[in-house]
Amino acid sequence: MPLTRDQVRHVATLARLGLEPGDEEFYADQLSGILGHIDRLQRLDTEDIPPTAQVVEVASRLRDDEPRPCLTQAEALANAPAAVDGFFRVPAIQEEA
Amino acid sequence: MTSGDLTELTIKEATHLLRLGSISASDLVTAHVERIEQLDARVKAYLRMTQEVWERQAEEADRKLRDGDAPPLAGIPIAIKDVLCVKGVETTAGSQILRGFKPPYTATAVQRLFDAGAVMLGVTNCDEFAMGSSTENSSYFPTRNPHDLLRVPGGSSGGSAAAVAAGEAMISLGTDTGGSIRQPAALCGVVGMKPTYGRVSRYGLIAFASSLDQIGPFARSVDDAALVLSLMSGLDPLDATSSQRPGMEVLNNYGAGVKGMRLGVPREYYDVEGIEPGVKAAIDAALLILRREGAEIVDVSLPHTDYGLAAYYIIAPAECSSNLARFDGVKYGLSEEDSPNVTELYTQTRRKGFGTEVRRRVMLGTYALSSGYYDAYYLKAQKVRTLIKRDFDAAFEKCDAIVSATSPTVAFPIGTKTQDPLSMYLCDVLTLGGNLAGLPGISVPCGTSDGLPVGLQVLGPQWGENVCLRVARAYEEASEIRAEVATPSPLQGRGSG
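Protein chains in written order, with our numbering: chain X, 3 to 99; chain S, 4 to 500.
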């Protein structure tokens, strides 16, 4: 089924993508083409087929809960665009009362 | 020996010379660096060179060679795809959003090869976040095919394939989510292998689609690919999906030849839509050689092949939309940090940082997972994934390995598929089934069509890397087709690079 411009805007908002002028039409057109191909999946009767999320049988493994070396605070923050007092800095989440 | 000769060696040949002492690891690195300086302005395989790393590693390799305790890859020059973290070396997944990111740790697969003595030359170009089949989606520049500079090298690991094809590295690492090792290997005329899902740790790989991604080698011989794969395989406590199976089992019996083996040719792959006559002719010739070597060629069927692309383009984008949520301008890379609020910080960073194909897939995946569409798309695709896996299970009851073309076409001219995403996605129609089913697969050179390389794909059952390698090696030996180093001349009017 084709994707509308409103749906593109909605999805871009959900994914925090930030559209440029003209993007809604561009992506609505392209994604509709791709979904047109994908729609062939609906031809298959999959009523009794279980879904596959992971193809290789790997049992969950747990490690012993022992302290081990890890990144230092300085290493963890080394790539931070903005850091202050050992924290990642972001714009204020809440307005001041 | 001239430096040209040194950049055409296989690991086996180089190791022999290194251990004799007739060349040093430093000689080998210098020869490759000179070749890169001479050629890479044309090929554009590399994003960054890592001089500090190669100097340190070559020196260490030479010391160990002198001391007589050299590990198996001592002195072997390797190139690493820009999605694999190397501590302190800028790693960006071909994207602007990770510009400047220097990982605080090294990917396990890379570390294991470093521990085995490999010497890193640099970081290779790829499609942004490994999303693409031509390396044209790199946010830096497109890489060119060393066999024809006007054509793509394939992708997404196009830089790694081109580097090995052009003698700018002896081996390289790539990643394969839907064909991103095998397809560029085919288009560049080298060997490329995607292991079974879980064979190689994904720790330190910048994730695209976590249920499909695997790391694997490029090389100019099957033996080299086998050796590199064996050294990076095996359990890693840092990746819960890595298998406990011993890495060395990939080499079991792989030199035994194909006599008595049953090789399945899926009719849906053999006659896949859009396959070029020249590619088909090369595959026919390869099948003849394999039969002559004593293999039995059997007809098999993968009835849901026509649905593979559709299922893949729900599952991979869904996983990518989730994985790429972490790029938000807070922890690393690009940041529009002067944004007035957090939502704007995320939105503006991602607007500036992600290219068209990434945005396309994040939107597609977000849509497929969004309320009201989950059952129709994501759940449906997962069920079809089950059907595709069952197709392979049934086929492997009738044969030991599956053989086909790797790519329906040879390398195509730069710019011909970028406007039509679906046409680009169709490049992977013969490879992505292997990812959906978690199978190992190899692409090995099998001649040319119109002077451009064709690849033969061998898919094995899960954990059957040794089966793939066995067929590929027998074919390589019998066909006498080798991955030859290509030396592209400068493009007319562009001057010498």
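Glycine residues also receive a C-beta, built at the ideal position from the N, C-alpha and C atoms.
Beta-bridge partners of residue i, as assigned by DSSP
| i | result |
| --- | --- |
| Ile-174(S) | Ile-81(S) |
| Gln-460(S) | Ser-407(S), Ser-446(S) |
| Ser-452(S) | Leu-455(S) |
| Ser-236(S) | Val-203(S) |
| Ala-2(X) | One cannot answer for residue 2(X) here, as it falls past the ends of chain X, which runs 3 to 99. |
| Ile-49(S) | Note that residue 49(S) is Tyr in the sequence shown, not Ile. Looking at the DSSP assignment, Tyr-49(S) forms a beta bridge with Thr-127(S). |
| Ile-218(S) | Thr-178(S) |
| Arg-154(S) | Pro-416(S) |
| Ile-300(S) | Leu-266(S) |
| Gly-195(S) | Phe-221(S), Ser-446(S) |
| Asn-148(S) | Asp-151(S) |
| Leu-87(S) | Leu-208(S) |
| Val-122(S) | Pro-80(S) |
| Val-92(S) | Val-89(S) |
Closer than 7 Å at the beta carbon, the chain S residues around residue i
| i | result |
| --- | --- |
| Phe-89(X) | Those within 7 Å of Phe-89(X) in chain S number zero; the least Cβ separation is about 10 Å. |
| Gly-24(X) | Near Gly-24(X) there are no residues of chain S at all, since even the closest Cβ is about 12 Å away, more than 7 Å. |
| Glu-68(X) | Going along chain S, no residue has its Cβ under 7 Å from Glu-68(X), so there is no contact; the nearest lies around 12 Å. |
| Glu-27(X) | The premise fails here: Glu-27(X) is roughly 13 Å from chain S at the closest Cβ pair, so nothing lies under 7 Å. |
| Pro-83(X) | Gly-332, Ser-338, Glu-340 |
Under 9 Å from the C-beta of residue i: neighbouring residues of chain S
| i | result |
| --- | --- |
| Thr-6(X) | By Cβ distance, chain S contributes nothing, its closest Cβ being about 11 Å from Thr-6(X), past 9 Å. |
| Val-86(X) | By Cβ distance, chain S contributes nothing, its closest Cβ being about 12 Å from Val-86(X), past 9 Å. |
Partners in chain X for residue i, counting only beta-carbon separations shorter than 7 Å
| i | result |
| --- | --- |
| Thr-369(S) | Val-13, Leu-16, Ala-17 |
| Gln-99(S) | The premise fails here: Gln-99(S) is roughly 14 Å from chain X at the closest Cβ pair, so nothing lies under 7 Å. |
| Asn-344(S) | Pro-93 |
| Ile-405(S) | The premise fails here: Ile-405(S) is roughly 16 Å from chain X at the closest Cβ pair, so nothing lies under 7 Å. |
| Ile-209(S) | Under the 7 Å cutoff, chain X gives no residues; its nearest Cβ is about 13 Å from Ile-209(S). |
| Val-86(S) | What Val-86(S) touches in chain X: nothing, since even the nearest Cβ is about 16 Å away. |
Alpha carbon of residue i to alpha carbon of residue j, nearest angstrom
| i | j | result |
| --- | --- | --- |
| Asn-469(S) | Gly-444(S) | 10 Å |
| Gly-498(S) | Leu-152(S) | Note on Gly-498(S): pLDDT 40, under 50, position unreliable in the model; the coordinate value appears next. Using only the alpha carbons, I get a separation of about 14 Å. |
| Gly-500(S) | Leu-494(S) | Residue placement at Gly-500(S) is poorly supported in this model, since its pLDDT is 36, which falls under 50; the coordinates are not used for a value here. |
| Arg-69(S) | Asp-30(S) | 14 Å |
| Tyr-370(S) | Lys-392(S) | 25 Å |
| Leu-477(S) | Glu-487(S) | Checking the sequence, you will find Ala at residue 477(S) rather than Leu. Ala-477(S) and Glu-487(S): Cα-Cα distance of roughly 18 Å. |
| Ala-61(S) | Pro-75(S) | 14 Å |
| Asp-130(S) | Val-365(S) | 15 Å |
| Lys-383(S) | Ala-440(S) | 16 Å |
| Val-504(S) | Ser-159(S) | In this structure chain S extends from 4 to 500, so residue 504(S) is not present and cannot be described. |
| Gly-201(S) | Arg-354(S) | 34 Å |
| Gly-237(S) | Glu-59(X) | 15 Å |
| Glu-360(S) | Ala-298(S) | 42 Å |
| Ile-51(X) | Ala-379(S) | 14 Å |
| Leu-472(S) | Ser-324(S) | 34 Å |
| Gly-467(S) | Thr-346(S) | 47 Å |
| Ile-83(S) | Ala-73(S) | 22 Å |
| Pro-343(S) | His-12(X) | 22 Å |
Cβ-based burial, residue i [other Cβ within 10 Å; buried from 16]
| i | result |
| --- | --- |
| Lys-197(S) | buried |
| Arg-185(S) | buried |
| His-19(S) | exposed |
| Arg-485(S) | exposed |
| Gly-496(S) | The predicted position of Gly-496(S) is uncertain, since its pLDDT is 43 and thus under 50; no value can be drawn from it. |
| Ser-374(S) | exposed |
| Leu-73(X) | exposed |
| Pro-411(S) | buried |
| Ile-278(S) | buried |
| Tyr-377(S) | exposed |
| Ala-61(X) | exposed |
| Asn-148(S) | buried |
| Leu-291(S) | exposed |
| Ala-289(S) | buried |
7 Å Cβ shell around residue i - same chain, five flanking residues per side excluded
| i | result |
| --- | --- |
| Leu-23(S) | none |
| Ser-204(S) | Thr-111, Ala-112, Asp-239, Leu-241, Asp-242, Ser-245 |
| Cys-402(S) | Arg-265, Leu-266, Gly-267, Val-301, Val-303 |
Cut-off 6 Å between Cβ atoms - residues of its own chain near residue i, not counting five sequence neighbours on either side
| i | result |
| --- | --- |
| Ser-233(S) | Gly-250, Met-251, Val-253, Leu-254 |
| Pro-4(X) | Ser-34 |
| Val-282(S) | Ala-408, Ser-452, Val-457 |
| Glu-296(S) | Val-261, Ala-477, Ala-481 |
| Tyr-272(S) | Ser-407, Leu-433 |
| Gly-368(S) | Pro-320, Ala-321, Cys-323, Ser-324 |
Neighbouring residues, chain C, relative to residue i (Cβ below 7 Å)
| i | result |
| --- | --- |
| Arg-362(S) | The structure shown contains no chain C; the protein chains it does contain are X and S. |
Beta-carbon neighbours of residue i, restricted to chain S and to distances below 8 Å
| i | result |
| --- | --- |
| Pro-52(X) | Lys-386, Thr-389 |
| Gln-75(X) | None at all; the shortest Cβ gap to chain S is about 11 Å. |
Same chain, Cβ closer than 8 Å to residue i, five either side skipped, listed in chain order
| i | result |
| --- | --- |
| Ala-85(X) | Leu-79, Arg-91 |
| Gly-418(S) | Glu-139 |
Neighbour list for residue i in chain X, Cβ cutoff strictly below 9 Å
| i | result |
| --- | --- |
| Lys-392(S) | Thr-54, Val-57 |
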